[in-house]
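Undergrad: This is the structure I want to talk about, given as structure tokens.
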């Protein structure tokens with residue numbers, strides 16, 4: 320494929336031409352660009368080549384790599400210094416650094432010394448450091464105040480006052496299905512389940528291998544299903560505005576890869592919570608208990624629990640002993656948008672916070688790990704009598720995949736922390752480029768702070784991104800600000816009822832600064848994503864690689880970048896610290912360098 324330097328136009332003129340061609344011909348920008356390239360090739364056009372940074376085309380000015388190696392040890396600092404040298408030697412010019420820099424104001428002298436060493440190496444290598452900061456989806460500000468966590472309501476929970484605390488009323492206990500032990504079968508089909516995949520071919524009753532009782536369910540022969548499925552589905556009866564924990568025992572044999580065994584809760588609007596337990600390298604594991612926490616909404620009376628294998632090929636999985644229990648007994652979230660009220664369930668009398676009851680301090684990890692605690696304690700002088708039946712309404716953290724927690728975008732305190740963080744980053748690094756880690760926001764718009772604003776979910780996210788951008792511009796005017804694409808992309812996570820988010824993210828792109836540079840990362844939809852943002856007037860960047868065993872997908876990304884007006888570049892993105900192909904990645908980009916020739920005199 321020809322590179323974009325073979326278009327006989329400067330970039331702004333080219334973009335206008337492509338847009339006009341696309342409009343007239345009913346083509347996407349990528350199709351129009353490809354058609355224009357083919358026409359120029361056929362005509363043997365002699366294009367004017369623009370002089371650009373180190374000879375790279377304008378769409379390849381960002382040549383980054385990603386690293387999460389931090390400043391917490393000399394060993395990791397040395398590893399990163401070596402990577403920076405390799406990157407610079409390979410023509411890469413940026414490090415997207417996930418090192419917790421939003422909290423650099425709390426770094427120790429030793430950590431700051433390691434940072435200075437890394438910064439010096441980057442300067443020598445010609446590698447710019449770009450901090451990635453302020454994740455809403457993964458709650459990076461919860462270390463400053465855990466009560467900023469996105470929260471969901473528990474309404475009128477029945478408890479009993481005993482011994483200065485409260486206990487769950489037996490009427491609130493969850494009811495497990497009598498079929499969760501896989502004791503009843505019709506042939507190889509387990510009773511009490513909505514379905515089991517291909518009984519007698521994939522799903523089998525097993526009376527030899529079981530956790531308890533007389534039998535379990537065995538899943539195998541996954542290639543008999545075109546999707547590699549081997550699953551069961553059970554409906555669980557629940558109460559609105561409650562928190563639950565579903566538990567299941569499982570055993571595996573020779574499962575060939577991680578992520579194939581999954582347990583998921585689905586509500587009426589799709590997936591809520593899922594976990595993929597980590598297996599030994601050989602894929603074989605004895606009986607192990609897995610658990611998922613989930614909360615119900617105001618209208619939920621049942622949920623779907625899926626367990627088994629997705630994308631399977633070989634190996635076996637056994638399932639047994641599914642149970643459901645209440646997980647409402649946990650400390651409440653305490654902030655303006657999450658009120659706590661306590662009433663006498665029999666008389667309706669309201670009790671006073673601070674005098675009749677006190678909240679237990681929030682520990683998010685307790686809920687994630689299934690640790691039960693009384694939400695409140697009763698101080699001396701409380702008007703709440705022993706054995707009183709109470710009704711509690713409060714908020715608890717919203718959990719999604721693997722216990723992930725987000726922060727509330729509507730609490731003003733959050734932006735105070737962003738402002739303090741920006742000042743610390745400026746004092747330490749003073750970067751010209753910043754990257755907002757605003758991906759995978761799986762809980763949002765569920766507390767009173769959000770509800771009282773009376774705006775859409777798209778406006779809430781757009782407002783948050785705008786505030787973040789403005790905070791950066793205040794401390795570093797003219798800074799370039801990048802952001803992950805998925806929560807802004809209608810082909811990806813930008814939609815209605817995403818995970819535990821209430822409302823619709825659609826249209827958020829109308830509520831964010833056009834100066835934001837959108838970093839697209841989902842390879843499968845790369846052309847749709849890059850075209851969408853380019854057509855909306857945004858600059859784009861590609862986050863490529865993602866720990867595969869070759870650079871084939873990176874080459875495909877590079878082709879897409881070349882055809883995308885206002886693309887700024889591409890990144891070698893690894894979550895698993897796989898840098899074996901980074902030098903080759905840099906060499907691949909070097910092949911796109913242009914022959915520098917002077918611009919014609921005016």
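In the working numbering, the protein residues as written are 320 to 921. The C-beta atom is built at its ideal place from N, Cα and C for all residues, glycine as well. All of these numbers come straight from a predicted model, not from anything done at the bench.
What separation, rounded to the nearest whole angstrom, lies between the Cα atoms of residue 375 and residue 841?
TA: 25 Å
Undergrad: With contact counted as at least three CB pairs below 8 Å, one residue from each stretch, are the region 593-604 and the region 547-567 in contact?
TA: No, the region 593-604 is not in contact with the region 547-567.
Undergrad: Per the contact definition of three or more C-beta pairs closer than 8 Å, is the region 549-558 in contact with the region 511-521?
TA: yes
Undergrad: Do residue 633 and residue 603 have their CB atoms nearer than 8 Å?
TA: For residue 633 and residue 603, no; Cβs fall outside 8 Å.
Undergrad: Contact between the region 700-715 and the region 753-761 is defined here as three or more beta-carbon pairs at a separation below 8 Å; is this criterion met?
TA: no
Undergrad: Do you know how far the Cα of residue 673 is from the Cα of residue 660?
TA: 11 Å
Undergrad: Which complete beta strand (DSSP E) runs does the region 456-518 hold, if anything under 3 residues is left out?
TA: 470-481, 484-487
Undergrad: Taking one C-beta from the region 836-852 and one from the region 862-881 each time, how about it: are there three or more such pairs within less than 8 Å?
TA: yes
Undergrad: Mind reading off the beta-carbon distance from residue 648 to residue 716? Whole number of angstroms is fine, and I expect it under 8 Å.
TA: Incorrect: roughly 14 Å between the Cβ atoms, too far for contact.
Undergrad: Along the chain, where does the beta strand (DSSP E) that runs through residue 607 open and close?
TA: 604-614
Undergrad: Among 866, 795, 652, whose alpha-carbon lies nearest the alpha-carbon of residue 744?
TA: 795
Undergrad: Per the contact definition of three or more C-beta pairs closer than 8 Å, is the region 381-388 in contact with the region 884-896?
TA: yes
Undergrad: Using the Cα positions of residue 908 and residue 811, report the straight-line distance between them to the nearest angstrom.
TA: 27 Å
Undergrad: Rounding to the nearest angstrom, what Cα-Cα distance links residue 763 and residue 856 in this structure?
TA: Take the alpha-carbon of residue 763 and the one of residue 856: they are about 27 Å apart.
Undergrad: So is residue 860 buried or exposed if we call it buried at 16+ other beta carbons inside 10 Å?
TA: buried
Undergrad: Looking at the secondary structure, which residues open and close the beta strand (DSSP E) in which residue 645 lies?
TA: 635-645
Undergrad: Reducing DSSP to helix, strand and coil, say where residue 815 ends up.
TA: In this structure, residue 815 counts as strand in the three-state DSSP scheme.
Undergrad: Taking 8 Å as the threshold (C-beta atoms), are residue 413 and residue 390 in contact?
TA: no
Undergrad: Considering residue 769, what are the terminal residues of the alpha helix (DSSP H) in which it resides?
TA: Start and end: 767-770.
Undergrad: Can you tell me the Cα-Cα spacing of residue 778 and residue 827, whole angstroms?
TA: 6 Å
Undergrad: Using the three-state DSSP reduction, which class does residue 793 fall into: helix, strand or coil?
TA: helix
Undergrad: Here's a check: name, in chain order, each residue in its chain whose Cβ is nearer than 6 Å to the Cβ of residue 606, leaving out the five neighbours to either side.
TA: 530, 568, 570
Undergrad: Report all residues from its chain with a CB closer than 7 Å to the CB of residue 544; omit the five preceding and five following residues, and keep chain order.
TA: 516, 517, 521
Undergrad: Helix, strand or coil, according to DSSP, for residue 785 in the structure here?
TA: helix
Undergrad: Confirm, please, whether the CB-CB distance from residue 421 to residue 452 is below 8 Å.
TA: yes
Undergrad: Classify residue 680 as buried or exposed, calling it buried when 16 or more other Cβ atoms lie within 10 Å of its own Cβ.
TA: exposed
Undergrad: With DSSP run on the structure shown, which of helix, strand or coil describes residue 820?
TA: strand
Undergrad: Beta-carbon within less than 7 Å of residue 898's beta-carbon, same chain only, minus the 5 sequence neighbours each way: which residues are those?
TA: Excluding sequence neighbours, residue 898 sits near 402.
Undergrad: Looking at C-alpha atoms only, which residue of 609, 645, 439 is the closest neighbour of residue 489?
TA: Nearest C-alpha to residue 489: 645.
Undergrad: Do residue 780 and residue 818 come within 8 Å of each other at the CB atom, strictly closer than that value?
TA: no
Undergrad: For the beta strand (DSSP E) that residue 628 lies in, which residues bound it at each end?
TA: 621-628
Undergrad: With a Cβ-Cβ cutoff of 8 Å, do residue 752 and residue 801 count as a contact?
TA: yes
Undergrad: So residue 723 is in the alpha helix (DSSP H); what residue range does that whole segment cover?
TA: Taken as a continuous stretch (DSSP letters only), residue 723 belongs to no alpha helix (DSSP H), as it is neither H nor E.
Undergrad: Quick check on the DSSP output: the beta strand (DSSP E) that includes residue 687 runs from which residue to which?
TA: Counting along the chain, residue 687 falls outside any beta strand (DSSP E), though it belongs to the alpha helix (DSSP H) covering 683-688.
Undergrad: The beta strand (DSSP E) that contains residue 381, what's its start and end?
TA: 381-386
Undergrad: What is the DSSP secondary structure of residue 326, reduced to helix, strand or coil?
TA: Since pLDDT at residue 326 reaches only 34, below the 50 mark, its modelled position is unreliable, and no value is offered.
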